[in-house]
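Participant: Letter by letter, the sequence shown follows residues 763 to 910 in the working numbering.
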Amino acid sequence: MYTFSDFLKILEEMILFFSEAAAVEMQKLHAVGKERLSFLEDCMKKEQVMILKLRGFDRKRESIQEALGYKGFSLKQVSAACSPQERELLLPLMEQLDQNVLLFTNTLDNARSLMEVSLHKVNTALSQGYTQMGVPAISTTPFTNHTI
């Protein structure tokens, strides 16, 4: 049978998970920015593993919550329903989890945006074609070196 300590432990594991996931997303962001495709592929493989790991955490958390009588409760609802002593232990973990999830989602959004911009550049270059020398037919660089 599960105890409230088990619930706190799974939250601690999820806090660590989201911290690690944010680090992977940051690596992905740098890989895209520096156009390091093989490194980007490695990051995406890590992401796939992380998705499976997150599903496992979520299932375990749901099982623990159900065993404790909190089936279907949000963390805020669990906090409101538990004892004051349990709440005192739970609140700091909830705050840290919120911060780590926010960091992860912000980093994920930034990486996704940068990848979309890079993909747009590739698609634009492909649609314009290349010369026989393998150079884009139309320059994709801004007009920074032209004088008026």
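No residue lacks a Cβ here, since even glycine has one placed at the ideal position from N, Cα and C.
When we look at the beta-carbon of Met895 and count the other beta-carbons within 10 Å, is it buried (16 or more) or exposed?
Facilitator: What you label residue 895 is simply residue 133 of the sequence shown in a count that begins at 1. With fewer than 16 other Cβ atoms within 10 Å, it is exposed.
Participant: Look at the alpha carbon of Glu848 and the alpha carbon of Ile777, and state the distance between them as a whole number of angstroms.
Facilitator: Residue 848 sits at position 86 when you count from the first residue of the sequence shown. Residue 777 sits at position 15 when you count from the first residue of the sequence shown. Whole-angstrom Cα-Cα distance: 18 Å.
Participant: Taking only three categories from DSSP, how would you classify Lys822?
Facilitator: Here residue 822 refers to the residue found at position 60 of the sequence shown. Residue state, collapsed to three classes: helix.
Participant: Hey, Leu830 and Ser841: beta-carbon distance below 8 Å or not?
Facilitator: Within the sequence shown, numbered from 1, the residue matching residue 830 stands at position 68. Within the sequence shown, numbered from 1, the residue matching residue 841 stands at position 79. Cβ distance not < 8 Å, so Leu830 and Ser841 don't count as in contact.
Participant: Got a sec? Which residues, its chain only, sit under 7 Å from Asn872 by beta carbon, not counting five neighbours each side?
Facilitator: By one-based count along the sequence shown, residue 872 stands at place 110. If we look at Asn872 and ignore the five residues flanking it on each side, its Cβ neighbours are Leu791.
Participant: Applying the criterion that 16 or more other CB atoms from any shown protein chain within 10 Å of the CB defines a buried residue, is Gln810 buried or exposed?
Facilitator: As a position in the sequence shown, residue 810 is number 48, starting the count at 1. Under this definition Gln810 is an exposed residue.
Participant: Helix, strand or coil: which one does DSSP assign to Arg798?
Facilitator: By one-based count along the sequence shown, residue 798 stands at place 36. DSSP, read as helix, strand or coil, puts Arg798 in coil.
Participant: Let's see if you can read the secondary structure: which residues bound the alpha helix (DSSP H) around Ser841?
Facilitator: Looking up residue 841 in the sequence shown gives position 79. Leu837 to Ala843 is the span of the alpha helix (DSSP H), which, as asked, contains Ser841.
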